[in-house]
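J.: Numbering of the sequence shown is given in numbering that gives the first Met the number 0, commencing with residue 0 and proceeding in unit increments.
Think of the CB as a built atom: it goes at the ideal place given N, C-alpha and C, for glycine as much as any other residue.
In this text, all values refer to a predicted model and were calculated from it rather than measured experimentally.
A single structure is presented below for examination.
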Amino acid sequence: MKPLLIICLLAIFPRIIFAQHSNESQNNLSLHQYEDSLTVLGKKFVNDENDLERKNANYIFIKTLVSALKVPNSFLYPFDSVKSINIINSPDNRFRIISWPIVNLDGSYRFYGTVQINTGGSLQMYPLNDFSPDTKNPEDTLTDNRTWFGAEYYRIIPVYSPKLYYVLLGWKGNNVKSTKKVIEVLSFKDNKPVFGLPVFDGNGKIRKRVVFEYNRNVSMLLKYVPDQNLIVFDHLSPPDPKLKNQHDTYGPDLSYDGYRLKNGRWIYVDNLDMRNVSSSQDDNYVDPKKQAQIDRATVKKN
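What follows is the structure, encoded as structure tokens:
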């Protein structure tokens, strides 16, 4: 009986392996087809002059993206050709965040996105609903995926002490006068995302997230320096003391401040000597400029 059993198993195993490879190939083909559709739709919601057409393209884009993410093992698919969105994986590969902005007719922005969990198979994701206009005190507010303080993220920093959470650096277009950037915190409670955590100490206040606002015509540096456990950023100030608190006039004044990680918290430090701060790939980040052919690889980060 044993030789017969072995012969049967040897006959079955190749079929199983072939079926697995066949399924993987079919999944990749489906994802590639979805990627092609998403690329076209993404160009349309960035480039189309008609506000209604942009929003319709974005609506179809969202439905198409959800269908694509439902394909088994979609977490591993990079969607590299879809330049209209930003996809960033957590360093521990636990999740990834897909995010992007849509420009409104009045020059303001609305953000869209999702947190996709790495399940190793079936889809688990948390769609992100931009609740920014109704978030009156963002630096003091805890939110979830349904009340998200929208942004397009370009860096994820895991913090393992004392409890695991993730710091997110993001760009947040605001309106025709000003731009924003944000230092956000993402953690998980009962396996669901929570945004904001009171871990930023400085200037006489404990913040749950840090929000910067500055003139739309200037650039602001916001980056993470891993070897120093330091988030560094331009110090923003008005061009005239009389314009204090009018943040749409603010810009860098050639000095630098930061938050340094200590015992799981971020402690504010001012007047950093940038000669002692190493460079980083997320030195800069700006609004992706409108162009005939979207090519995010050539977009400077300011």
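(1) Considering Lys62, what are the terminal residues of the alpha helix (DSSP H) in which it resides?
(2) Mind checking which residues open and close the beta strand (DSSP E) that includes Asn85?
(3) Could you please give the first and the last residue of the uninterrupted beta strand (DSSP E) stretch that includes Lys171?
(4) Under a Cβ-count criterion, where at least 16 other Cβ atoms within 10 Å of its own Cβ denotes burial, should Asn216 be classed as buried or exposed?
(5) Which class does Tyr124 belong to by DSSP, given the choice of helix, strand or coil?
(6) To which residues does DSSP link Ser186 through a beta bridge?
(7) At which residues does the beta strand (DSSP E) containing Gln115 begin and terminate?
(8) Nearest CA to the CA of Lys180: which residue from Pro197, Thr38 and Phe232?
(9) So what's Gly203 in DSSP terms, helix, strand or just coil?
(10) Does the beta-carbon of Met219 have 16 or more other beta-carbons within 10 angstroms, so that it is buried, or is it exposed?
(11) I'd like the span of the beta strand (DSSP E) that includes His234, first residue to last.
(12) Let me know the secondary structure DSSP gives Lys288 once reduced to three states.
(13) Helix, strand or coil, according to DSSP, for Pro137 in the structure here?
(14) Does the Cβ-Cβ distance between Arg95 and Gln115 come in under 8 angstroms?
(15) Nearest-angstrom Cα distance between Val65 and Ser24?
(16) Quick one: Cα of Leu163 to Cα of Ser186, how far?
(17) Going by other Cβ atoms of all chains shown within 10 Å of its Cβ, with 16 needed for buried, is Leu37 buried or exposed?
(18) To which residues does DSSP link Asp129 through a beta bridge?
(19) Can you grab the Cα-Cα spacing for the pair Val175 / Leu104, in whole Å?
(20) Please report the residue range of the beta strand (DSSP E) in which Asn214 lies.
(21) Have a look at Leu75 and Glu34 and give me their C-alpha separation to the nearest angstrom.
(22) Between which two residues does the beta strand (DSSP E) carrying Ser254 extend?
(23) Given that a residue counts as buried once 16 or more other Cβ atoms are within 10 Å of its Cβ, and exposed if not, what is Asp252?
(24) So is Arg274 buried or exposed if we call it buried at 16+ other beta carbons inside 10 Å?
(25) Nearest-angstrom Cα distance between Pro157 and Ser121?
(26) Buried or exposed: Ile101, going by 16 or more other Cβ atoms within 10 Å of its Cβ?
(27) Could you pull out every residue in the same chain whose Cβ sits closer than 8 angstroms to the Cβ of Tyr258, ignoring the five residues on either side in sequence?
(28) Beta-carbon separation of Glu151 and Phe211 under 8 angstroms?
(29) Check the DSSP bridge columns for Tyr152 and list the partner residues they point to.
(30) Please tell me whether Gln227 and Val184 are closer than 8 angstroms, where the distance is taken between their beta carbons.
(31) Among all the DSSP beta bridges, which residues are the ones paired with Thr178?
(32) For Tyr153 versus Ile97, is the C-beta spacing smaller than 8 angstroms?
T.: Once the coordinates are examined:
(1) Asp50 to Leu68
(2) Asn85 to Asn88
(3) Unbroken beta strand (DSSP E) run through Lys171: Tyr164 to Gly172.
(4) exposed
(5) Here the sequence assigns Met to residue 124, which means Tyr is not the residue at that position. Strand at Met124.
(6) BP columns for Ser186 point to Val193.
(7) Tyr108 to Ile116
(8) Phe232
(9) coil
(10) buried
(11) Leu229 to Ser236 is the extent of the beta strand (DSSP E) around His234.
(12) Reliability of the predicted coordinates at Lys288 is poor, the pLDDT of 43 falling under 50, and the value obtained from them is presented with this limitation in mind. In this structure, Lys288 counts as coil in the three-state DSSP scheme.
(13) In the structure shown, Pro137 sits in a helix (DSSP, three-state: H, G or I).
(14) Note that the C-beta distance between Arg95 and Gln115 is below 8 angstroms.
(15) 20 angstroms
(16) 7 angstroms
(17) buried
(18) Trp147
(19) 10 angstroms
(20) Val209 to Asn214
(21) 13 angstroms
(22) Per DSSP, the unbroken beta strand (DSSP E) holding Ser254 starts and ends at Gly250 to Lys261.
(23) exposed
(24) Flag for Arg274 reads exposed.
(25) 25 angstroms
(26) The residue in question, Ile101, is buried, as its Cβ has 16 or more Cβ neighbours within 10 Å.
(27) Ile182, Phe199, Gly201, Val209, Leu229, Ile230, Trp265, Ile266, Tyr267 and Val268
(28) Going by C-beta atoms, Glu151 is not nearer than 8 angstroms to Phe211.
(29) Answer by DSSP bridge pairing, in chain order: Gly169.
(30) With respect to Val184, Gln227 sits apart: the two C-beta atoms are not nearer than 8 angstroms.
(31) Gly172 and Tyr213
(32) no
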